[in-house]
Amino acid sequence: MSPRITTPVTRGKNGKQAGGHQASEHAAEKLSKEQVLGAYRNALAARFIDVKILTLLKQGKVFFHIGGSGHEIAQVAAALAMKPGHDWAYPYYRDLAFSLQFGYTIEDVMLEALHRKEGPSGHGFAMPFHYGHKKWRIVAQSSPTGTQYLEAVGTAMGAVKEGRDEVVYVSSGEGATSEGEFHEAVNWAARERFPVIFLIQNNKFAISVPVHAQVAGKSVSDMVKGYEGLNRYRVDGCEFREMFDAVAEAVARARRGEGPSLIEADTVRLLAHSSSDDQRKYRDPKELEEDLKRDPLPRMERFIIEQGHVTQEETAAIRKEMQERINRAAEWAEEQPLPDPEGLERFVYSPNTVVPRAGFVETVHKGPAIVMVDAINHALAEELEKNPAMVIYGQDVAGKKGGVFTATRGLTDKFGEGRVFNSPLAEASIVGTAFGLAVRGTFKPVVEIQFGDYIWPAFMQIRDEVAMLRFRSDNQWSCPMVIRVAVGGYIHGGLYHSQSIDGFFTHIPGLRVVFPSNAADAKGLLKTACREEDPVLFCEHKGLYRQGFASSPEPGPDFLLPFGVANVRKSGEDVTIITWGMLVQRSLDAARRVEERHGTSIEVIDLRTLNPLDREAIIRSVRKTGKVLIVHEDTLTGGFGAEIAAIIAQEAFEYLDGPVQRIAAKDTPVPYGPGLENAMLPQESDVAAALEKLIRY
Ligand SMILES: Cc1ncc(C[n+]2csc(CCOP(=O)(O)OP(=O)(O)O)c2C)c(N)n1
Ligand SMILES: [Mg+2]
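Under the numbering used here, the first residue of the sequence shown carries the number 1, and numbering increases by one thereafter.
Take a look at the structure:
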């Protein structure tokens, strides 16, 4: 088996270089006795923990297990070649031995398996075997196969930007390399020579699907050979010496700035995929026997005996000692406190509000009017100036183009390519790397998604990663960022340049959703978004970017508009309209028209932020008027208006003098032809008609 594929140097099984020269010494053989025995102990511990947890599971004390039996040696070798606490790690669920070698204690593992409050990754919130340890820079992990790769690339990007020699480890099985994000990550890391170690642990199965049904080519390392700049290794992951040599070399190269490496380690999966699986149903018993023959633990044992570190008898004593430690740790962990359910909602969002609502007074800005897109541009420039940690990236945002809507025009010239740069055309990459940058705590990524219609490749990153990180790590990790996104219709953009997305994103706990209707609010809210500690989806309506009615005098550089403060754009007594975004102006126009016709008085509230929602402003107004019309651009069913209607029904029912009404887009995509688009999207006349109906009620 040839450890390294990129260079002409290949090693044969006997350690000879191709060409008959004597191989250089194995790095593994230069390790101290203490290091090798430490790795052996951790590998043993991982194996015994698998057995122990399966027993606890049968006893009903643990609900989930996913083991690493057969992967231990590849993992301890990888961790041993790195610097825990200096380097970063994104281990996957099978990485028990890696995590032990990187800093986890046996007690830590037991606390997590038994969902105890002191479990390091998530204090009982995260699933067990989803590793995370702040002290050791193990970023709290999630379950989607493959989201970790781009995050690792982002963390490595941060290391390079800061000029640090940190290396980032990310691992997965071979099956997960079929995920698109794997290829996005390898591409970006290779292109920019980022210091990432992709350890692919090939155990030949993804649950029941064999490797030949996953990859084009003979192996994962074969599949990725077109990525220029990627060093590739294929090693026997059951063989400590070979494995350590490869990782040590890859880590050294990464530290020297020679780019990422993909190490494909051939391992064996000695247990079923997880405690919910039975591999005897789909694997041939003969094949399982063959895998057992490759068990890496006896091989490691031979290695340490050969090296003269221990005798056979001493290994028996070590095994006994580890087994006892594990039993003791399990008993101890069972005695430890469970998390308090009272704390459930504590850390969905940051406990700190940087720009407080208290004391905020609505400001009337003075001076010449600017259009919304320029206000956004100025907000970004001011925040870049103020905060050296802030970086902006996305498709086409850099250079002379400055974004397809010019929101970032001139910013690269002013702040340099290191701070305002183009990303590949890959939305998951944009958000995934932003996660990895943000977790470092030294960057504030403000990224752009060109069109709301194309945010979906990033949806997994936003929903399962960005929005959940604080919660799943119980406030130990967070990834504050701003995701600016151009949304909405009324510009004849057709089916794929016009959709509203607020209905989807307001359903995500952990994500702030902001939707300004005019230039002044956009500037004040965007500056706040850049400073708050939560991830923010910042919706910019394309139809408002240069719209006259959305222009306003520009707020000064110190103006920050707090989240969760709705604006009563027009006060009234008889009916309340609750709206946001593009529909604010149409609602104001309709209100005035109806007032003139009927002599009534209509209140119009612009929510400005959907999460947090200014519930008080809604309830206060409904109590006064007794009638309410909710107006939004997103489609009706499941739109955010339904949520507002439900809140009113629950909290202000006794004040209502009529049914809560909603005007929204028809439940279809936004069509291209102007007549069709007008019929689909809510118009001023629709709002006026609904108001008249409510008045008559
Ligand atoms: C995005 C996503 N799809 C599906 C799953 C369910 N799932 C969990 S592990 C797994 C197989 C992974 O196989 P592989 O990458 O080879 O790693 P292994 O478990 O074999 O170590 C699947 C399908 C998931 N967690 N995430
Ligand atoms: Mg696998």
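Beta carbons are placed, not taken as given, at the ideal position from N, Cα and C, and that holds for glycine.
Let me check you understand the geometry: is the CB of residue 269 closer than 7 Å to at least one non-hydrogen atom of ligand 1? Answer for residue 269: yes, Cβ within range of ligand 1.
So is the beta-carbon of residue 296 under 7 Å away from any non-hydrogen atom of ligand 1? No, the beta carbon of residue 296 sits no closer than 7 Å to any heavy atom of ligand 1.
If I measure Cβ to Cβ from residue 21 and keep anything under 8 Å in the same chain, skipping five residues before and after, which residues do I get? Confidence in residue 21 is poor, its pLDDT being 36 and thus under 50, which makes the residue's placement unreliable; the coordinate value appears in the next sentence. Sequence-distant partners of residue 21 (beyond 5 residues in either direction) whose C-beta falls short of 8 Å from its own C-beta are missing from its chain.
Secondary structure at residue 569, three-state DSSP: helix, strand or coil? DSSP places residue 569 in strand when its eight states are reduced to three.
Using DSSP bridges, identify the partner residues of residue 201. Looking at the DSSP assignment, residue 201 forms a beta bridge with 173, 265.
Classify residue 21 as helix, strand or coil using the three-state DSSP reduction. Legend: pLDDT at residue 21 = 36, less than 50; position of this residue unreliable, no value from coordinates given.
DSSP state of residue 447, grouped into three classes? Under the three-state reduction of DSSP output, residue 447 falls in the strand class.
Taking 7 Å as the limit between beta carbons, can you name the residues of its chain near residue 601, skipping five residues before and five after? Excluding positions up to five away in sequence, the list reads 572, 573, 574, 595.
Which of helix, strand or coil does DSSP assign to residue 141? Residue 141 falls in the coil class under three-state DSSP.
Does at least one heavy atom of ligand 3 sit under 7 Å from the Cβ of residue 181? In the structure shown, ligand 3 is absent; the only ligands present are ligand 1 and ligand 2.
8 Å Cβ cutoff met for residue 243 and residue 235: In this structure, residue 235 lies closer than 8 Å to residue 243 by Cβ.
Consult DSSP for residue 501 and reduce its assignment to one of helix, strand or coil. Of the three classes helix, strand and coil, the one that applies to residue 501 here is coil, per DSSP.
Inter-stretch contact (C-beta, 8 Å, three-pair minimum) for the region 535 to 550 and the region 365 to 374: At 8 Å Cβ cutoff, the stretches touch.
Leaving out the 5 sequence neighbours to the left and right, which residues in its chain are closer than 8 Å to residue 65 when beta-carbon positions are compared? Answer for residue 65: 50, 53, 54, 57, 113, 128, 129, 274, 275, listed in chain order.
Can you give me the start and stop residues for the beta strand (DSSP E) that residue 133 sits inside? DSSP places residue 133 outside any beta strand (DSSP E), giving it a letter other than H or E.
If contacts are defined as beta-carbon pairs under 8 Å, then residue 29 and residue 88 qualify, I think. What distance do you get, rounded to the angstrom? Residue 29 to residue 88, Cβ: 28 Å. No contact.
Cβ-heavy atom distance, residue 98 to ligand 2, below 7 Å: No.
Would residue 699 and residue 338 qualify as a contact pair, given that the criterion is a beta-carbon distance under 8 Å? Not covered by the structure: residue 699. The range shown for the chain is 1 to 697.
Per-residue DSSP class, three states only, for residue 220: Secondary structure of residue 220 (DSSP, three-state): helix.
Does DSSP put residue 180 in a helix, in a strand, or in coil? Residue 180 falls in the helix class under three-state DSSP.
Outcome for residue 671 when other beta-carbon atoms lying within 10 angstroms are tallied against a minimum of 16: It counts as buried.
Burial state of residue 361 (16 or more Cβ within 10 Å): Under this definition residue 361 is an exposed residue.
Could you tell me the alpha carbon to alpha carbon distance between residue 682 and residue 597, rounded to whole angstroms? Straight-line Cα distance between these residues: approximately 21 Å.
Any chance the region 530 to 543 sits against the region 477 to 496, with 3 or more Cβ pairs inside 8 Å? Under the Cβ criterion (8 Å, minimum of three pairs), the region 530 to 543 counts as touching the region 477 to 496.
Using DSSP's beta-bridge definition, name the partner residues of residue 420. Its beta-bridge partners are 392.
Terminal residues of the beta strand (DSSP E) in which residue 233 lies: Per DSSP, residue 233 belongs to the beta strand (DSSP E) from 231 to 236.
Quick one: using the 10 Å Cβ neighbour count with 16 as the cut-off for buried, is residue 290 buried or exposed? Burial check for residue 290: the Cβ neighbour count within 10 Å stays below 16, so the residue is exposed.
Closest by C-alpha distance to residue 375, when choosing among 296, 386, 525: The option with the nearest alpha carbon to residue 375 is 525.
Please indicate yes or no: does the CB of residue 174 lie closer than 7 Å to some heavy atom of ligand 1? Correct: residue 174 has its Cβ closer than 7 Å to ligand 1.
Distance, Cα to Cα, residue 301 vs residue 315? Straight across, the Cα-Cα distance linking residue 301 with residue 315 is about 7 Å.
Spatial neighbours of residue 686 within its chain, please: C-beta separation below 6 Å, excluding the five flanking residues on both sides. Taken in chain order, the residues that qualify are 663.
Give the secondary structure of residue 521 by DSSP, where H, G and I count as helix, E and B as strand, and everything else as coil. It is helical.
I believe residue 474 touches residue 347 by the beta-carbon criterion, under 8 Å. Please report the beta-carbon distance rounded to the nearest angstrom. At roughly 6 Å, the Cβ-Cβ gap stays under 8 Å, so residue 474 and residue 347 are in contact.
So residue 510 and residue 487 are in contact, right, with Cβ under 8 Å, and what is the actual spacing, rounded? About 20 Å separates the two Cβ atoms, so there is no contact after all.
Beta strand (DSSP E) runs wholly inside the region 338 to 395, at least 3 long, in chain order: You should have 390 to 394.
For residue 201, verify whether its CB is less than 7 Å away from any heavy atom of ligand 1. True, at least one ligand heavy atom lies under 7 Å from that Cβ.
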